[in-house]
Amino acid sequence: DEQEATRSLSGLILKNNAKSHYEKFPDDVRSYIKQECLSALGDRSPLIRATVGILITTIVTKGLLEQWPTLLEHLYSCLDSPDINLCEGA
1 DEQEATRSLS
11 GLILKNNAKS
21 HYEKFPDDVR
31 SYIKQECLSA
41 LGDRSPLIRA
51 TVGILITTIV
61 TKGLLEQWPT
71 LLEHLYSCLD
81 SPDINLCEGA
């Protein structure tokens, strides 16, 4: 679906920008990105879930896990969800 491809491409562009400039993003933008990543983990599209996973991994591998203290707890809670999309996204 065209919307799915556009959303995925947008996520990959965001990932590339985050990889190069995440530390320069304003705090409110970083918070928004993290919030939207967590909410998109349960997307019905496997492509979107994979893209979100790539973006989360990019942020974390920059050594920024300590700036996202709720991430691991959220991922663990997703694994217990009855929503299969959310489980797979986590």
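Letter 15 of the sequence shown, counting from 1, is numbered 15 in full-length UniProt numbering, and no numbers are missing.
We put the beta carbon where it would ideally sit given N, CA and C, even for glycine.
Residue i versus residue j: straight-line alpha-carbon distance, rounded
i          : j     : result
Leu64      : Tyr22 : 10 Å
residue 92 : Val52 : The requested residue 92 does not occur in the structure, where the chain is confined to residues 1 to 90.
Leu12      : Thr70 : 23 Å
Gln67      : Asn17 : 18 Å
Asp83      : Ser77 : 11 Å
Leu41      : Leu47 : 11 Å
Glu2       : Asp80 : 32 Å
Terminal residues of the alpha helix (DSSP H) in which residue i lies
i     : result
Thr6  : 2-21
Lys34 : 27-40
Ala50 : 46-59
Ser77 : 71-79
Leu86 : 84-89
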